Amino acid sequence: MTTMNLSRRRFIQNAAAAGGGLMLGFHVPVSRAANSLARPITAMPEGVEINAWLSIDPSGLVTIRVPHTEMGQGGITSVAMLIAEELDVEWSKIQCVFADANRHIRNNREYKVMSTHGSQLVRLQHPHLMQAGASARERLKEAAARQWGVERSAVEARLGELISGNRKGTYGEFASAAAQIKLDKEPAIKTPGQWRLLGKPMQRIDIPHKVDGSAHYAIDTRIPGMVYAAVKASPVPWGTLKSYNFDAIRNRPGVIAAVELKAVPGKRGQPDLQNAIAVVADSWWRAKTALDLMPVEWDGGESAKASNASYYREGRAALNVKGTPTKDDLKAIEAVQTGKKVVTADYERPFETHARMEPINATVHVQKDRVDVWSPTQDQSAAVLLVADQLKVDPKIVFAHTMYLGGGFGGNGGGGTGVTRQAAEISKQVGRPVKVLWSREEDIAQDKQRPMGLARLSASLGDNGLPTAVVTRGVWFSQDRINQVGPATADYPLFEMPYSFPLRHHDRHNLNTHIPSSTHRAPGANQMGFMQESFIDELAIAGGWNPLDWRIEMTKDKPDWQLVLKTLKEKANFRTDLPRGQGMGVAAVECHGTIAAACATVGVSRRGELSIEKIVIVLDAGHVINPHAATEQAEGSVIWELSHAWLGGLELENGAFANTNFDTYNLMRINQAPVVETYFASSGGKKWGGLGEPAGPPVPPAVANAIWYATGKRVRSTPFVSHDLRWT
Amino acid sequence: MAITLTINNTSHTVDVEPETPLLWVLRDTIGLTGTKYGCGVAACGACTIHVDGQPVRSCQTPAASAVGKKVTTIEGLSPNKNHPVQQAWMEVGVPQCGYCQSGQIMSAAALLARRREPTDLEIDAAMAGNICRCGTYQRIRQAVHIAAKKANL
Numbered sequence: 001m002t003t004m005n006l007s008r009r010r011f012i013q014n015a016a017a018a019g020g021g022l023m024l025g026f027h028v029p030v031s032r033a034a035n036s037l038a039r040p041i042t043a044m045p046e047g048v049e050i051n052a053w054l055s056i057d058p059s060g061l062v063t064i065r066v067p068h069t070e071m072g073q074g075g076i077t078s079v080a081m082l083i084a085e086e087l088d089v090e091w092s093k094i095q096c097v098f099a100d101a102n103r104h105i106r107n108n109r110e111y112k113v114m115s116t117h118g119s120q121l122v123r124l125q126h127p128h129l130m131q132a133g134a135s136a137r138e139r140l141k142e143a144a145a146r147q148w149g150v151e152r153s154a155v156e157a158r159l160g161e162l163i164s165g166n167r168k169g170t171y172g173e174f175a176s177a178a179a180q181i182k183l184d185k186e187p188a189i190k191t192p193g194q195w196r197l198l199g200k201p202m203q204r205i206d207i208p209h210k211v212d213g214s215a216h217y218a219i220d221t222r223i224p225g226m227v228y229a230a231v232k233a234s235p236v237p238w239g240t241l242k243s244y245n246f247d248a249i250r251n252r253p254g255v256i257a258a259v260e261l262k263a264v265p266g267k268r269g270q271p272d273l274q275n276a277i278a279v280v281a282d283s284w285w286r287a288k289t290a291l292d293l294m295p296v297e298w299d300g301g302e303s304a305k306a307s308n309a310s311y312y313r314e315g316r317a318a319l320n321v322k323g324t325p326t327k328d329d330l331k332a333i334e335a336v337q338t339g340k341k342v343v344t345a346d347y348e349r350p351f352e353t354h355a356r357m358e359p360i361n362a363t364v365h366v367q368k369d370r371v372d373v374w375s376p377t378q379d380q381s382a383a384v385l386l387v388a389d390q391l392k393v394d395p396k397i398v399f400a401h402t403m404y405l406g407g408g409f410g411g412n413g414g415g416g417t418g419v420t421r422q423a424a425e426i427s428k429q430v431g432r433p434v435k436v437l438w439s440r441e442e443d444i445a446q447d448k449q450r451p452m453g454l455a456r457l458s459a460s461l462g463d464n465g466l467p468t469a470v471v472t473r474g475v476w477f478s479q480d481r482i483n484q485v486g487p488a489t490a491d492y493p494l495f496e497m498p499y500s501f502p503l504r505h506h507d508r509h510n511l512n513t514h515i516p517s518s519t520h521r522a523p524g525a526n527q528m529g530f531m532q533e534s535f536i537d538e539l540a541i542a543g544g545w546n547p548l549d550w551r552i553e554m555t556k557d558k559p560d561w562q563l564v565l566k567t568l569k570e571k572a573n574f575r576t577d578l579p580r581g582q583g584m585g586v587a588a589v590e591c592h593g594t595i596a597a598a599c600a601t602v603g604v605s606r607r608g609e610l611s612i613e614k615i616v617i618v619l620d621a622g623h624v625i626n627p628h629a630a631t632e633q634a635e636g637s638v639i640w641e642l643s644h645a646w647l648g649g650l651e652l653e654n655g656a657f658a659n660t661n662f663d664t665y666n667l668m669r670i671n672q673a674p675v676v677e678t679y680f681a682s683s684g685g686k687k688w689g690g691l692g693e694p695a696g697p698p699v700p701p702a703v704a705n706a707i708w709y710a711t712g713k714r715v716r717s718t719p720f721v722s723h724d725l726r727w728t
Numbered sequence: 001m002a003i004t005l006t007i008n009n010t011s012h013t014v015d016v017e018p019e020t021p022l023l024w025v026l027r028d029t030i031g032l033t034g035t036k037y038g039c040g041v042a043a044c045g046a047c048t049i050h051v052d053g054q055p056v057r058s059c060q061t062p063a064a065s066a067v068g069k070k071v072t073t074i075e076g077l078s079p080n081k082n083h084p085v086q087q088a089w090m091e092v093g094v095p096q097c098g099y100c101q102s103g104q105i106m107s108a109a110a111l112l113a114r115r116r117e118p119t120d121l122e123i124d125a126a127m128a129g130n131i132c133r134c135g136t137y138q139r140i141r142q143a144v145h146i147a148a149k150k151a152n153l
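In order, the protein sequence lines correspond to chains A and B.
Start counting the first sequence at 1; every next residue gets the next number (my numbering).
Start counting the second sequence at 1; every next residue gets the next number (my numbering).
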């Protein structure tokens, strides 16, 4: 029995008993073996809270409160490993619960960060998570030292036991005393050479819940008295609702109400409400059927004129005009204009969508003195604040219940976006708990998309075939020209290229669209990495260089790039002499502090059918705490990027997206999936890069580069499937 | 309209329109939420269940069409995660976000029920209707082979 079947009474009891760590959603008995079985929650473990992150019960069972989201990236396991490393406790004596976002807000951001994005959990949060474990360990030692009348330094903490000479005790025995102790000075956290657990491949502890349907996602929320809402927002984002006729459907079975949702004038940010109409019914199917049958008229305004074609026209025109420089060097421009041998190429990519497998949804229960929220978000604390803002209530009465997330990929930030506001608003208006679920068509049409982008890259070559100057221009579209999410909508790979070019100029255009955008796994790098690394191959080949040797030559002064590229050379057996119809290609892109290099092996039939056979990935994130989960993330990132580059591409027509389900917006399937081999070339030291995203961006250019070797055809736009790859 | 369905060997009488997709009867009426909504147009496989042992997309299966048949969902695949496919899935660590995996496992179980030792090509053909946005395909292939070995022991 898990959360959502709990009666409200029971649910409140659990919330209270947890001391703020809501024992909701799941209980993870940590696996010693991959097939150990998950135990259902029967009661909260008795335990003493040592600090916000952990409690210890008399038997020595440690409950870790995980502040972050689990969306398959191994977040729960990473947090548990980081704390267990310092606490020094048997892996089998740990269980995890999600931390309480209400407590976090109430106690002045007690968990420091609850957001889970930017591949940041390990690379940026490891110091304070390890600190929580180290601090608890030292307090346990101090408690034992005081009881035994010895110095703390004479007590050793090891795998759940405290030992001094012939005296021995367990963490469970000393937990109460440790909870009372304040340390004069916090201990230092371990350095990588001292790790016992970190760095070992650990099976993810959420796995057993994900093979029998017992893992609960926000979409699975069921609470007594709950009703369901289906929603349609203006198909042209930020359009207005002209009319709707509720009378036409009000007598249909189960229909309860229609609720109009209105955008707030002047507020067009990512988590704000769009103009929309909702139908509320006693089941979602009845709500959706009624909504589909209800006559609704929209006015898309001027934005209804926009299309892929109009945006490409605008973007191509901008490529001919100097933009805002980030690296302004007139000498570079002049060198390229007057060069003896010049290479220039334009690249373009369409909008792409997140389409996480769990369609966007949220459940909110608004009551007089309490609001409960189930939101599929990458930041539960943001969901609390967003709902409080929508309802104009004190965030302290808003409780967010963290569930497993059915994919995030950067699309579920900001508290779960506008859907959470919709659920709050509808629950308030109908006076009942409401689950809002977007149909897949709505999910894609109203997603915060990865923006469309274009780039022009030019270089002049010297006598040795290497570039003397490089000039680049990035163009992308963002809503109201607001660069809402930093590099997500930007072109940073183009101006942060690692190569040692003698002269360099970069400028950019941020063009206007009505389409909301958001971070999308490996933001910026996912789009412009293709432009960068496709061009590098064009440049290397024009200069008579092997593209992999070119990259090694041009990063000679960067030891970590040398490590990654030379490892790729060793592992991938990159060749440029394969027979026609076969090809290999390489590429390398830095993202979230991690260098990722890829080598693709492809086949192209004479009829032009592409098959992607193998992708070799080499990563330098500095350190890898869980090679097992990190490898899974690399494999997933490869498929993610290939889906878009090979098959994807949203089609904007009359201001709205035309391909909004999986029969028209194509994603990679198992029969198209390559074999992925992952290697870590970790440079160590102070470097901590992310691992949830960076393996993706070098893959599309590696494939495009391989297609060139296979066919002689240069693919400068995506999806690849739209190109004629026939050869004779 | 009241219709009676046999789901995981238990009889349920539900009051729904007969054309209501089985998916929503399972999830919202009965509360078996392990079967997932992904697309509603039978294009992603997240809602895959077995009807009389055959894999079907429950989002496109009218509830009334399952009357008198044996419906099996992920919750009823095995009593204790001990179906060879579930065991193999845990051994390999297939799921990432896990959302599509009920459908993946039901498709794989149906494949193994008709092919004792499927090849990679047969696995690809049988599983191509199931999208995994996390990209666990390589591990799915590996786990199906392991499950076949376990089932044939």
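For each residue, glycine too, the CB sits at the ideal point set by N, CA and C.
Just so you know, these numbers come straight off a predicted model, no measurement behind them.
Nearest CA to the CA of residue i: which residue from the options?
i: cysteine 59/B; options: Trp640/A, Phe535/A, Ser439/A; result: Ser439/A
i: glycine 81/A; options: Ala101/A, Leu54/A, Arg103/A; result: According to the sequence displayed, residue 81/A carries methionine and not glycine. Among Ala101/A, Leu54/A, Arg103/A, the Cα nearest to that of methionine 81/A belongs to Leu54/A.
i: alanine 258/A; options: Asp663/A, Ser78/A, Thr711/A, Lys232/A; result: Lys232/A
i: proline 95/B; options: Arg106/A, Thr116/A, Ile207/A; result: Ile207/A
i: glycine 655/A; options: Met114/A, Ala600/A, Gly239/A; result: Gly239/A
i: glutamate 91/B; options: Val675/A, Val564/A, Pro559/A, Ile205/A; result: Ile205/A
i: glutamine 449/A; options: Val470/A, Met528/A, Asn666/A, Pro523/A; result: Pro523/A
i: threonine 468/A; options: Val264/A, Ala572/A, Pro502/A; result: Pro502/A
i: leucine 121/A; options: Gln73/A, Arg146/A, Glu142/A, Trp298/A; result: Gln73/A
i: arginine 551/A; options: Ala345/A, Pro559/A, Ala540/A; result: Ala540/A
i: aspartate 463/A; options: Met71/A, Ala400/A, Leu457/A, Gly544/A; result: Gly544/A
i: lysine 262/A; options: Arg252/A, Pro253/A, Gln274/A; result: Gln274/A
Near residue i, what residues of its chain come up, given a Cβ to Cβ distance below 6 Å and the 5 sequence neighbours on each side ignored?
i: asparagine 108/A; result: none
i: alanine 16/A; result: Low per-residue confidence applies at alanine 16/A: pLDDT is 33, beneath 50, and the placement is therefore not dependable enough to give any value.
i: methionine 554/A; result: Tyr499, Ser500
i: aspartate 443/A; result: Pro359, Ile360
i: arginine 139/B; result: Val92, Val94
i: glutamate 632/A; result: none
Leaving aside the five residues before and after residue i along the sequence, list all residues of the same chain whose C-beta is less than 8 Å from its C-beta, in chain order.
i: serine 722/A; result: Gly649
i: asparagine 152/B; result: Arg116, Glu117
i: tyrosine 244/A; result: Ala258, Glu260, Ile277, Met294, Pro295, Val296, Glu297
In chain order, what residues of the same chain lie with their CB nearer than 7 Å to the CB of residue i, ignoring the 5 residues before and after it?
i: serine 427/A; result: Val364, His365, Val366, Pro433, Val434
i: leucine 578/A; result: Met584, Tyr709
i: valine 255/A; result: Ile249, Val279, Ala281, Arg286, Ala290
i: aspartate 480/A; result: Arg268, Asn512
i: methionine 497/A; result: Gln532
i: valine 419/A; result: Ile360, Asn361, Ala362, Val436, Trp438
i: lysine 242/A; result: Glu297, Trp298, Asp299
i: threonine 567/A; result: Val618, Tyr679, Ala681
DSSP has residue i in a bridge; who is on the other side?
i: leucine 511/A; result: Phe477/A
i: tyrosine 311/A; result: Tyrosine 311/A pairs with nothing; no bridge assigned.
i: glutamate 110/A; result: The partner list for glutamate 110/A (beta bridge, DSSP) is empty, contrary to what the question assumes.
i: glycine 129/B; result: DSSP output for glycine 129/B lists no bridge partner at all.
* Asked: Taking one C-beta from the segment 613 to 629 of chain A and one from the segment 578 to 596 of chain A each time, how about it: are there three or more such pairs within less than 8 Å?
  -> yes
* Spell out a yes or no on whether the segment 70 to 77 of chain B and the segment 689 to 696 of chain A are touching, meaning 3 or more CB-CB pairs, one atom from each, closer than 8 Å. => no
* Could you give the uninterrupted runs of the beta strand (DSSP E) lying entirely in the segment 180 to 232 of chain A, keeping only those of 3 residues or more? -> none
* What are the start and end residues of each continuous alpha helix (DSSP H) run of 4 or more residues lying completely inside the segment 356 to 416 of chain A, in chain order? -> 380 to 391
* Jot down the residue ranges of each uninterrupted alpha helix (DSSP H) in the segment 582 to 667 of chain A, minimum 4 residues, whole runs only, in chain order. => 627 to 642
* Would you call the segment 30 to 42 of chain B and the segment 354 to 362 of chain A in contact, with 3 or more CB pairs under 8 Å? -> yes
* Cβ contact check for the segment 101 to 117 of chain B and the segment 131 to 146 of chain B: 3 or more pairs under 8 Å -> yes
* Quick check: the segment 397 to 412 of chain A against the segment 206 to 220 of chain A, are there 3 or more CB pairs under 8 Å? -> yes
* To do: Return the chain-ordered ranges of every beta strand (DSSP E) run that is complete within the segment 5 to 40 of chain B and spans a minimum of 3 residues.
  => 10 to 15
* To do: Please list the segments of the beta strand (DSSP E) lying wholly inside the segment 83 to 163 of chain A, counting only runs of 3 or more residues, in order along the chain.
  => 94 to 98, 156 to 158
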